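Asks: Let me give you the structure first, and then I'll get to my questions.
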Amino acid sequence: MKFKLKGIELDAFRVYEDKQLFNFLTKLGEVANLVVIYAPNGYGKTSFIDAVEWGLTGSINRISKSSIVKNTADSEKGVILKNRKSSKEFGTVTLIAENGGSLVKQTKVIGRNGRKTDYAEGDIVVKADIFSDLELSDFAIKSILGQDKIDSFLRSFSPRDRYDILTNFWDEANDSELFKNILGMNSESEKQLQQAKEQLRKIDEEIQSLIIRPNIIFDINNLINKFNQIQLRGLALFKVNRDNNIQFIKSLIEINSKLESLNTDNEDKLLISGYLVENNKLYSLKNNELNIIRKNIHEISDTLDKFKERKRELSFLDEVIVESHNLYRKYKNLKKLEKQYYEAEQILGNINNYEELNLKLIKELSGLNSLKTQEEQNLKEILGKLDNVRSSKKEIENNLFKLDSNLEKYNSLENKKVHWIKRLSQLQELIDIRWNNKNEYKKKILTLESYSKYEIQNVIKIESDNQQIKMAISELQNSFWLKNQKEQELRELEQEYTQFGKLTEQLNIIYKAGKKFIEDSHTEVCPLCNKEYEDFNTLINNVDRDFVEVENLNKIKSDIEKVKAVLQDEENKIDHCITLFRKEIDREITILSKKDIENETKITSYNSLNQRIKNKLDDIKREENNLIHFFEQLNIDIKNKSLVYLTNIKSSILDKIYNLNESMNDYAQEINNKNEMLKTLSEKRNHKELEIISNKNKIRELSGEPVLNSVNKLLEECKVENNINKIKNEFEVVKYNFLLQMDQKRVIRKRINVLDKELKIINEQEMKAAFEEKQKDYQKVNEFIGNYNKKAKDLIVGDSFQECDIQQIHDELINEKKCVREGLTVVNELMGFTKYIENNIATKTKDSKKIEIETQIKILERGNKELSSAKKYITEYIESKIKNAFNLDSINSIYQRIDPHPDFNNIKFEVDLAKDKPELNIYASSKQEKLSPILYFSAAQVNVLSLSIFLAKALIEEQKGLNTIFMDDPIQHLDNLNILSFIDLLRTITVNLDKQVIISTHNENFFKLIKRKMDPDFTSSKFIELESFGKIKR
């Protein structure tokens, strides 16, 4: 299903800071087919097109396709789509379809999930079904013409550039890219084919240059036998022949590498074995020395341990002394605490008694306070009642004072109300009469205005009371009847003339010529009809009779001319009468209009007076309602105006006043009683408060007793609970621990004395120095022995070894070195023959390479043939697709409507797919020649061509989708004549083809011109202006 847009809403997007609704509905509430948006440059026209394109595709062509703008956007990052001044978190674009469905998209939020820019696809919040069926990207390419597309076409001087730009219109399947790939593959294949043929030629030359001497293999095999006889650790070479050259060289290189490694390993081991043989006796001496040093170190270490033990015991003794001192001090404090505890306990008992007494007094005081509060509340209520009674009494006395005057005022208001209601009724009658007159005038004016539009047939039927109009109609009737009569007479004469005189004028000439012929020849046979008469005279008489009929025909023709002249006079007279009739109509309308204005003035005056009277009645009504309220308060029936009734009412009011005085006296007595009770409660309350203060002073005196402070301080220092049993128990524990510490001190002193005797003659520092020196000697000897053992393990398997084992291994290594050197000599001689072997290998390799290249050439030739076939097929396919996509008939039709080049007015597309990259040539042709419009046309003419290509594609009828075309300032290069033609084209597109077109413009003259030619009162169009940056003019 095809649909159009009825509005687009932008909020915090690009230049639009606040929410702006572009409403595309006409005054009748229908979707406009043409929408024109006017604004000076920089006010937001392009931002509007950007919003549409981004809302549909998630990108903006002029940013994404321009490398400069794209790089700038990538480098700046940050806010690109959302309006920078807006406080909103994201920008929003809303496209509203004519059925009410919408597409709502929001920009990405910078900072969320590490995002650095908002130039991205965006988040679709709402997407109605009607937008789901729309190919958004395809629509944006075919139906949105931005300035970047026009500019790119204007700048595309190269046919290759033009081909790439216009692929958007036809290459939705990216066939062009496939064709370019095939062209590239074909070019690369041709290049590889030439390279392969050149390689084949060079290999043939190289094979001819390689020659091998016949007796080389015999010499090589003799050396191989010599090497194998040496028998080096299972290393052996196989004999060489013409077929195993490569394997032999690999084997020779591998054996040479192993011999080099074996030689290096042998030399390393000989160094080690020589060292072991040379230092074997020293190794035995060092082992004995190491045992002696180890024994000395153990003895010194025992002595040093005794020094350490002595230090530990002394330190422990200090700790025991400190602990015993602390226990003794706590013992004395606990003893003092036990003595003072009972005295402090008695003082605390007295304090508790006073506190309990105070709690009881406070409770009694609280009761007195509650009772006092309740009595004060009662007193307040009684005082309130007294005030209410006083107020009521005052109000009743005031009402009694006003009663007579209000009765008189009420009667006066009633009389005034009757008077003004009567005046209002009379005035309303006058207003109704005036309104009837106004309607009558309006009816007559409308009737007269309709008379001025009547045809003459209807004018003569009008019946009017106006004498002048009546006379004009009478004259018009006479002329019209006479005109009809003459027209009837004319029709009859013309009919008679037609029936009587068919071809008579032509026959008249023939008759004259025939009569002359008869008179000259005196024949009796008619030359016209070949009829034979009795004699010559009879023939002549018949001819003359026919000629008389011709004269009658001329008389009829003359009568027709006279009637036409009279008819023309009557028509002129009718035109004159019609003019007079319309003048009389206009004069009568003027008179009625003046009367209507005078009548309207009177109505306005009456209405003003009417309103003043109503205001007075409203004032009377308000005063009357106030008086009625006053009487209702006194329970007076205002309708009963009897003197006896009013006297009784006044008496009743006086009784109320008396009763209120009595109530006031009763309340006054009750207030006095309450005040006496409150005085008694205050005295009791003061007595209780003084007693409480006295008790608090006694508690304060007892709390300051020194014994209490002393007990609390001792409890805190001894860290014991405030309980006599706990204090006694703690005393016993401290006493036991103190005695225990004293026993431990005696034991430690005894151990220290024993150590002092043992270490009396020994210097600790000298022992430490001797210990360090022995440690160094031990490390040095042990390092030599460890190094010797490590070297021995590299040669000898097992943990123990003898001197003879080392000497045997040393001799074996010397013999192995001799054999390795002999083997290396033979291998080096064989390495001298590798060049000849390599030539043989190279010959076979090049033969193999030659076969490989020949196979590759066959494959490339077959591939080139297939690529050429594919290239031809795709060339024909693309040419056909371009021809179908660019309907040249439509392009030329549009191009010729917008005032093209005066001579070169026919556009042709020619595709060149034979080069390494495809090209698209556009030619404008005349009858004699063709040329490239990009080079020879003006900017305006090229712009016309761009619009023609775009519109021809956009106007292709689709079965479903968005039936709208967007164009951003398309007329900036067009001259005035082009603009007029463009407006006519827009009328055709929007009216005849029922397409919706939305265009923007900075040209105010164009905006005014199209608004005048496509008046929104008579066409389906809407015109929108931007009054400032991102603000729609309301």
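Take the sequence shown: its position 618, counted from the start at 1, is 618 in full-length UniProt numbering, and no numbers get skipped.
Every residue gets a Cβ at the ideal spot worked out from N, C-alpha and C, and that includes glycine.
All of these numbers come straight from a predicted model, not from anything done at the bench.
Just to confirm my understanding: we take V277, look at its own chain, exclude 5 residues before and 5 after, and list those with CB closer than 7 Å. What are they?
Replies: Translated into the one-based positions of the sequence shown, residue 277 becomes position 277. The residues are I806, Q807 and H810.
Asks: Let me know the secondary structure DSSP gives E549 once reduced to three states.
Replies: Looking up residue 549 in the sequence shown gives position 549. Confidence at E549 is low in this model, with a pLDDT of 49, below 50, so the placement of that residue is unreliable and no value is reported for it.
Asks: So is R821 buried or exposed if we call it buried at 16+ other beta carbons inside 10 Å?
Replies: Here residue 821 refers to the residue found at position 821 when the sequence shown is read from its first residue. So R821 counts as exposed.
Asks: Taking only three categories from DSSP, how would you classify I321?
Replies: One-based indexing of the sequence shown puts residue 321 at position 321. Looking at I321 - three-state DSSP - the assignment turns out to be helix.
Asks: List the residues that DSSP assigns as beta-bridge partners of Y658.
Replies: Numbered from 1 along the sequence shown, position 658 holds the residue referred to as residue 658. Y658 is not bridged to any residue.
Asks: If you compare alpha carbons, which of N789, I253, Y410 and V563 is closest to L830?
Replies: Here the question's residue 830 lines up with position 830 in the sequence shown. Ranking the options by Cα distance to L830, first place goes to I253.
Asks: With burial defined as no fewer than 16 other Cβ atoms inside 10 Å of the residue's Cβ, what is the status of G704: buried or exposed?
Replies: Counted from its first residue, the sequence shown places residue 704 at position 704. Classification for G704: exposed.
Asks: Judging by CA-CA distance, which residue of A954, N921 and Q972 is the nearest neighbour of N943?
Replies: The residue labelled residue 943 in the question sits at position 943 within the sequence shown. Closest option to N943, Cα to Cα, is Q972.
Asks: Can you tell me where the beta strand (DSSP E) with N23 in it begins and where it stops?
Replies: Taking the first residue of the sequence shown as position 1, residue 23 is located at position 23. Counting along the chain, the beta strand (DSSP E) containing N23 begins and ends at Q20 to N23.
Asks: Any idea what DSSP makes of T117, helix, strand or coil?
Replies: Residue 117 sits at position 117 when you count from the first residue of the sequence shown. Three-state result, T117: strand.
Asks: Less than 9 Å between the beta carbons of I1032 and Q996, yes or no?
Replies: For the purposes of this step, residue 1032 is taken as the residue at position 1032 of the sequence shown. For the purposes of this step, residue 996 is taken as the residue at position 996 of the sequence shown. No, the Cβ-Cβ distance between I1032 and Q996 is not below 9 Å.
Asks: Could you please give the first and the last residue of the uninterrupted beta strand (DSSP E) stretch that includes E1027?
Replies: For the purposes of this step, residue 1027 is identified with residue 1027 of the sequence shown, where counting begins at 1. E1027 -> beta strand (DSSP E) spans S1021 to S1028.
Asks: Check whether the Cβ atoms of R390 and I603 lie closer than 9 Å to each other.
Replies: Within the sequence shown, the letter at position 390 stands for residue 390. Within the sequence shown, the letter at position 603 stands for residue 603. No.
Asks: Return the CA-CA distance between E323 and Q775, expressed in angstroms with no decimal places.
Replies: Taking the sequence shown and counting its residues from 1, the one referred to as residue 323 is at position 323. Taking the sequence shown and counting its residues from 1, the one referred to as residue 775 is at position 775. For E323 and Q775, the distance between alpha carbons rounds to 41 Å.
Asks: By alpha-carbon positions, which one of L237, L282, L755 and K768 ends up nearest to V826?
Replies: Residue numbering aside, residue 826 sits at position 826 when the sequence shown is read from its first letter. Looking at the Cα atoms, L237 is the closest of the given residues.
Asks: State the Cα-Cα distance for the pair E376 and D404, rounded to the nearest angstrom.
Replies: For the purposes of this step, residue 376 is taken as the residue at position 376 of the sequence shown. For the purposes of this step, residue 404 is taken as the residue at position 404 of the sequence shown. Going by the C-alpha atoms only, they are around 44 Å apart.
Asks: Measure from the alpha carbon of K917 to the alpha carbon of each residue in F139, E773, D129 and M185, then state which is nearest.
Replies: Taking the first residue of the sequence shown as 1, we reach residue 917 at position 917. Ranking the options by Cα distance to K917, first place goes to M185.
Asks: For T373, count the other beta carbons within 10 Å of its own beta carbon; 16 or more makes it buried, fewer makes it exposed. Which is it?
Replies: Translated into the one-based positions of the sequence shown, residue 373 becomes position 373. Per the 10 Å Cβ criterion, exposed.
Asks: Taking the beta strand (DSSP E) that F966 falls in, what are its first and last residues?
Replies: Within the sequence shown, residue 966 is the residue found at index 966, counting from 1. Run containing F966: T964 to D968, per the beta strand (DSSP E) assignment.
Asks: State buried or exposed for M1, treating a residue as buried only when at least 16 other CB atoms are found within 10 Å of its CB.
Replies: Position 1 of the sequence shown, counted from the start, is the residue given in the question as residue 1. Exposed, by the Cβ-count rule.
Asks: Could you check the C-alpha separation between N635 and N599 for me, to the nearest Å?
Replies: Residue 635 sits at position 635 when you count from the first residue of the sequence shown. Residue 599 sits at position 599 when you count from the first residue of the sequence shown. Their Cα atoms are separated by approximately 52 Å.
Asks: Looking only at DSSP bridge pairs, what is S1000 linked to?
Replies: One-based indexing of the sequence shown puts residue 1000 at position 1000. DSSP output for S1000 lists I37 and D968 as bridge partner(s).
Asks: When the Cα atoms are used, what is the spatial distance from D1015 to R897?
Replies: Reading the sequence shown from its first residue, position 1015 is the one you call residue 1015. Reading the sequence shown from its first residue, position 897 is the one you call residue 897. Near 22 Å, if we compare the C-alpha coordinates of R897 and D1015.
Asks: From the DSSP output, in three-state form, read off K268 for me.
Replies: Looking up residue 268 in the sequence shown gives position 268. The sequence shown places Asp at residue 268, not Lys. If DSSP states are grouped into helix, strand and coil, D268 belongs with the helices.
Asks: Suppose only complete runs of 4+ residues qualify. What are the alpha helix (DSSP H) ranges in the stretch 733-811, listed by chain order?
Replies: Within the stretch 733-811, the complete alpha helix (DSSP H) runs of at least 4 residues are 764-795.
Asks: By the 10 Å Cβ neighbour count, where 16 or more other Cβ atoms means buried, how is G786 classified, buried or exposed?
Replies: Numbered from its first residue, the sequence shown carries residue 786 at position 786. The residue in question, G786, is exposed, as its Cβ has fewer than 16 Cβ neighbours within 10 Å.
Asks: Determine the DSSP secondary structure at L134, reduced to helix, strand or coil.
Replies: Position 134 of the sequence shown, counted from the start, is the residue given in the question as residue 134. Correct three-state label for L134: coil.
Asks: Rounded to a whole number of angstroms, what is the C-alpha to C-alpha distance between E764 and Q741?
Replies: The sequence position of residue 764 within the sequence shown is 764, counting from 1. The sequence position of residue 741 within the sequence shown is 741, counting from 1. About 31 Å.
Asks: Given a cut-off of 9 Å on the beta-carbon distance, is the pair K239 and N221 in contact?
Replies: Walking along the sequence shown from the start, residue 239 turns up at place 239. Walking along the sequence shown from the start, residue 221 turns up at place 221. Yes; because the gap between Cβ atoms is below 9 Å, this pair is in contact.
Asks: Leaving out five residues on either side along the sequence, give the residues of the same chain with a beta carbon under 6 Å from the beta carbon of V104.
Replies: Position 104 of the sequence shown, counting from 1, holds the residue named residue 104. Hits under 6 Å: T94, V125 and V126.
Asks: Report the option in L56, I60, Q488 and Y451 whose CA atom is closest to the CA atom of T46.
Replies: Within the sequence shown, numbered from 1, the residue matching residue 46 stands at position 46. Ranking L56, I60, Q488 and Y451 by Cα distance to T46 puts I60 first.
Asks: Can you tell me the Cα-Cα spacing of L867 and E919, whole angstroms?
Replies: By 1-based counting over the sequence shown, the position of residue 867 is 867. By 1-based counting over the sequence shown, the position of residue 919 is 919. If I take the Cα positions, the gap works out to 20 Å.
Asks: Let's see if you can read the secondary structure: which residues bound the alpha helix (DSSP H) around Q106?
Replies: For this step, residue 106 is matched to residue 106 along the sequence shown. Unbroken run through Q106 is the beta strand (DSSP E), S102 to Q106; no alpha helix (DSSP H).
Asks: What are the partner residues of T94, as DSSP defines its beta bridges?
Replies: The residue given as residue 94 occupies position 94 in the sequence shown. BP columns for T94 point to E9 and V104.
Asks: T1001 and D969 look like a contact to me (Cβ under 8 Å); what is the Cβ gap, rounded to whole Å?
Replies: Within the sequence shown, numbered from 1, the residue matching residue 1001 stands at position 1001. Within the sequence shown, numbered from 1, the residue matching residue 969 stands at position 969. With 8 Å as the limit, T1001 and D969 qualify as a contact, their Cβ atoms being about 6 Å apart.
Asks: Helix, strand or coil: which one does DSSP assign to Y16?
Replies: Against the sequence shown, residue 16 aligns to sequence position 16. Strand at Y16.
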